[in-house]
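Structure record follows, encoded as structure tokens.
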Amino acid sequence: MSDRPSVVTRFAPSPTGYLHIGGARTALFNWLYARHTGGKFLIRVEDTDRERSTPAAVDAIFEGLDWLGLKSDAEPLFQFQQADRHRAAVQQLLDKGRAYRCWMSVEELDIERTKARAEGRAIRSVWRDKDAPANDKPFVVRFKGPLEGETVVEDLVKGPVRFQNKELDDLVLLRSDGAPTYNLAVVVDDHDMGVTHVIRGDDHLNNAARQTLIYQALDFAVPAFAHIPLIHGPDGAKLSKRHGAQAVGEFADMGYLPEAMRNYLARLGWGHGDDEIFSDAQAISWFDVADVGSAPARLDWAKLNHINSHYIRLADDHRLALLTSEAHERLGTALPADGLARLEAAIPLVKEGAATIPELANLTLFALKARPLAPDEKTQGLLTDETRERMQRLTENLAEAGSWAPADLEARLKDFAAQEGVGLGKFGPALRGILSGGSTAPDLASTLAAVGRDEALGRLQDALFKATKTL
RNA sequence: GGUCCCUUCGUCUAUCGGUUAGGACACUAGAUUUUCAAUCUAGGAAGAGGGGUUCGACUCCCCUAGGGACUACCA
Numbered sequence: 300m301s302d303r304p305s306v307v308t309r310f311a312p313s314p315t316g317y318l319h320i321g322g323a324r325t326a327l328f329n330w331l332y333a334r335h336t337g338g339k340f341l342i343r344v345e346d347t348d349r350e351r352s353t354p355a356a357v358d359a360i361f362e363g364l365d366w367l368g369l370k371s372d373a374e375p376l377f378q379f380q381q382a383d384r385h386r387a388a389v390q391q392l393l394d395k396g397r398a399y400r401c402w403m404s405v406e407e408l409d410i411e412r413t414k415a416r417a418e419g420r421a422i423r424s425v426w427r428d429k430d431a432p433a434n435d436k437p438f439v440v441r442f443k444g445p446l447e448g449e450t451v452v453e454d455l456v457k458g459p460v461r462f463q464n465k466e467l468d469d470l471v472l473l474r475s476d477g478a479p480t481y482n483l484a485v486v487v488d489d490h491d492m493g494v495t496h497v498i499r500g501d502d503h504l505n506n507a508a509r510q511t512l513i514y515q516a517l518d519f520a521v522p523a524f525a526h527i528p529l530i531h532g533p534d535g536a537k538l539s540k541r542h543g544a545q546a547v548g549e550f551a552d553m554g555y556l557p558e559a560m561r562n563y564l565a566r567l568g569w570g571h572g573d574d575e576i577f578s579d580a581q582a583i584s585w586f587d588v589a590d591v592g593s594a595p596a597r598l599d600w601a602k603l604n605h606i607n608s609h610y611i612r613l614a615d616d617h618r619l620a621l622l623t624s625e626a627h628e629r630l631g632t633a634l635p636a637d638g639l640a641r642l643e644a645a646i647p648l649v650k651e652g653a654a655t656i657p658e659l660a661n662l663t664l665f666a667l668k669a670r671p672l673a674p675d676e677k678t679q680g681l682l683t684d685e686t687r688e689r690m691q692r693l694t695e696n697l698a699e700a701g702s703w704a705p706a707d708l709e710a711r712l713k714d715f716a717a718q719e720g721v722g723l724g725k726f727g728p729a730l731r732g733i734l735s736g737g738s739t740a741p742d743l744a745s746t747l748a749a750v751g752r753d754e755a756l757g758r759l760q761d762a763l764f765k766a767t768k769t770l
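Residue numbering for the first sequence follows our numbering, beginning at 300 and increasing consecutively.
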């Protein structure tokens, strides 16, 4: 009996840049499927292109996966390190007559390519059936694909996809410098890693047919394929810089929570009835690649915001305070020494109104300002003589408050309004303006309480009594 | 050009031959109101087009149109 888990999935990014949001979703689907089936989720870095692969990109990708909470069940594999194994597989193919050396020059290839294109057929090398001449010129090794018959890719998302073998060209397995190419390496590595389900982007569907042929030539079991559609921008075009963000790091910086990202990304292209908001545990128990939609989905910022605001409400206040303080630093807000404590006091009051962390930063501004607050124009306008005098009476009233608890403050404000014979609208806005310095703030009693007795009375005094008298 | 994939409200989706085509986001109107929100209620909004198959098609088949991928000694 084998102790190998029944399902093994993998995420195989090429380290040529940051972790793209589409790639993140691919990783998420692989992860979900592995978790759902009780299998394993592996990561393989496809760095066979030495020109374009960079260590910085490797770091960026792992950082992105880490942030998203997608951990590999084994040490990540670096494809380039398997090069010897890849070359051995090519030798095997050569020995079996399923591959051949090709001495076509770049120029010759160019000519053949344009010719083949004009004739609407796949390109063929003249060396496919020619004996090797005695020479030491550089050559590549190509796969010798069948010219007849068809290859069917049984795709879990798209259904069976049929390809005529004669349409598939003889792809390069080994470059002239002896380095293996992607199409060979994926097959060998996926086999060696025991991958049973290849879940990857739509853009690989055509390759799947060629790869299937290689699997067969090598006598490897062909894994199940699932080609998931790419994510498009809100306008339906391929996601690009002008859509706001592509890298998962950018989403993090924009104040989205990883759990919100997982929920949103899972919902993009996959669904479970009418469920919109669900936990990781629910996603894992419900997810099946076969249920992934076959059409590309567009990134919808409004919905992402909605889901994120849901998770912000659920999030722990201390965690939010930390994130919000980072956001404030990025925004250039001057944080007082007790900034974190002030944030933690203010966040429960405003978190329901925030869709992202920067919004939370904006909503907590009122609590962080240092005395004396610069009065904004609107508040100045509110302070007619009548209102100013009423506010002075209110300040004196508040100064006598025995309790600074929100409920008591609330009652006190109401009593004061009654005592003055006016509605809250007569002085509420002015009180708010003075307390917040013009920033938005929660309801008045909560704001008073969050700011604290001394600070609140101080702010009132600064605004109302500066030139006249002290309290 | 060739091969392949895709097509339900503005967006994400449900529907797996018989539904008043459902939900969510967004939007609109109203309620609430001490700012900004949030919240509550109500409302408008969809099967790309054309042929078939069938008693009956969003659902199955074909064609067209429109998107997209691949067509590298990139992955």
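Backbone N, C-alpha and C fix where the C-beta goes; we use that ideal spot for every residue, glycine too. Note that the coordinates shown come from a computational prediction; the quantities given were computed from them, not determined experimentally.
Using only the alpha-carbon positions, how far apart do N505 and P741 sit? CA-to-CA, the gap between N505 and P741 works out to about 56 Å.
CB R731 to CB L743, shorter than 9 Å? Taking the C-beta atoms as reference points, L743 is found nearer than 9 Å to R731.
What's the call for P432, buried or exposed, on a 16-neighbour Cβ count within 10 Å? The Cβ neighbour count for P432, taken over all protein chains shown within 10 Å, is under 16; the residue is labelled exposed.
Between R509 and E411, what straight-line distance do the alpha-carbon atoms span, to the nearest angstrom? So the alpha carbons of these two residues sit roughly 20 Å apart.
So, with DSSP's three-state summary, where would you put A536? In the structure shown, A536 sits in coil (DSSP, three-state: anything other than H, G, I, E or B).
Whole angstroms are fine: how far does the CA of A326 sit from the CA of G781? The requested residue 781 is not part of the displayed model; the chain covers only 300 to 770.
To which residues of the same chain is V487 closer than 6 Å at the C-beta, ignoring the five residues directly before and after it? Once the five neighbours on either side are set aside, the close Cβ partners of V487 are H385 and A388.
Along the chain, which unbroken stretches of the beta strand (DSSP E) at least 3 residues long are found entirely within the segment 364-428? Taken in chain order, the complete beta strand (DSSP E) segments of 3 residues or longer contained in the segment 364-428 are 398-401.
Just verifying my parser: in three-state terms, what is the DSSP assignment at F524? F524 sits in a strand when the DSSP states are folded into three classes.
Output the residue ranges of the alpha helix (DSSP H) runs that lie fully inside the segment 425-503 and measure 4 residues or longer, sorted by chain position. With a minimum length of 4 residues, the continuous alpha helix (DSSP H) runs that stay inside the segment 425-503 are 481-491.
Considering only their Cβ atoms, is the gap separating L318 from V344 smaller than 9 Å? The answer is no: Cβ separation not under 9 Å.
Classify T694 as buried or exposed, calling it buried when 16 or more other Cβ atoms lie within 10 Å of its own Cβ. That one is buried.
G736 classed as buried or exposed, judged by whether at least 16 other C-beta atoms fall within 10 angstroms: Per the 10 Å Cβ criterion, buried.
Under a three-way DSSP split, which group does L341 fall into? Here L341 sits in strand by DSSP.
If you measure between the beta carbons of L367 and V547, is that distance less than 9 Å? The Cβ-Cβ distance between L367 and V547 falls below 9 Å.
For L662, which option in R758, G652 and A669 has the closest C-alpha, if you only look at C-alpha atoms? Shortest Cα-Cα distance from L662 to any of R758, G652 and A669 involves G652.
Which runs of the alpha helix (DSSP H) fall wholly inside the segment 612-680 and span at least 4 residues, in chain order? Listed in chain order, they are 616-630, 638-649, 656-662 and 664-667.
Within 8 Å, do at least three Cβ pairs link the segment 523-536 to the segment 553-563? These segments do not touch.
Endpoints, beta strand (DSSP E) assigned at R687: It is not in any beta strand (DSSP E) - R687 instead sits in the alpha helix (DSSP H) that spans D684 to A698.
Given N607, which residues of its chain have a CB within under 7 Å of its CB, disregarding the five upstream and five downstream residues? Leaving aside the five residues that flank N607 on each side, the residues in its chain whose CB is nearer than 7 Å to its CB run, in chain order, Y555, L556, A559, A654 and T655.
Since T336 is in the alpha helix (DSSP H), which residue starts that stretch and which ends it? Residue range I320 to T336 is occupied by the alpha helix (DSSP H) that includes T336.
Could you check the C-alpha separation between T767 and E699 for me, to the nearest Å? In this prediction, T767 has a pLDDT of 48, which is less than 50 and means its spatial position is unreliable; what the coordinates show is noted afterwards. If I take the Cα positions, the gap works out to 20 Å.
Could you pull out every residue in the same chain whose Cβ sits closer than 6 Å to the Cβ of Q563, ignoring the five residues on either side in sequence? Here residue 563 is Tyr; the residue named in the question, Gln, does not match the sequence. So the qualifying residues of the chain are L603 and I606.
Among residues of its own chain, excluding the 5 on either side of T336, which ones have a beta-carbon nearer than 7 Å to its beta-carbon? S305 and V306.
Are the CB atoms of R349 and F310 within a distance shorter than 9 Å? Not closer than 9 Å, so no.
How many angstroms separate the CA atom of S301 from the CA atom of G493? Low per-residue confidence applies at S301: pLDDT is 49, beneath 50, and the placement is therefore not dependable, though the value from the model is reported in the following sentence. The straight-line gap from Cα to Cα measures roughly 12 Å.
DSSP three-state assignment for A601, whether helix, strand or coil: Helix, per DSSP.
Let me check understanding here. Comparing Cα to Cα, which of K677, Q718 and A633 lies closest to N696? The option with the nearest alpha carbon to N696 is Q718.
Could you tell me the boundaries of the beta strand (DSSP E) in which T308 lies? Run containing T308: V307 to F310, per the beta strand (DSSP E) assignment.
What is the rounded straight-line gap between the Cα of G477 and the Cα of G396? Going from the Cα of G477 to the Cα of G396 covers about 19 Å.
With 16 as the cutoff for other CB atoms within 10 Å, does K650 come out buried or exposed? It counts as buried.
Bridge partners of A596, per DSSP? Under DSSP, A596 shares a beta bridge with I530.
So, for S624: in the same chain, excluding its five sequence neighbours on each side, which residues have a beta-carbon less than 7 Å away from its beta-carbon? These residues qualify, in order along the chain: L634, G638, L639 and L642.
Just the Cα atoms here: how many angstroms apart are A749 and P674? Per the coordinates, the alpha-carbon of A749 lies some 19 Å from the alpha-carbon of P674.
Let me know the alpha helix (DSSP H) ranges lying completely inside the segment 708-759, each 4 residues or longer, listed in chain order. For the segment 708-759, whole alpha helix (DSSP H) runs of length 4 or above, ordered along the chain, are 727-735 and 743-750.
Would you call D714 buried or exposed, if buried means 16 or more other Cβ atoms sit within 10 Å of its Cβ? Residue environment: D714 is assigned as exposed (fewer than 16 neighbouring CB atoms within 10 Å of its CB, all protein chains considered).
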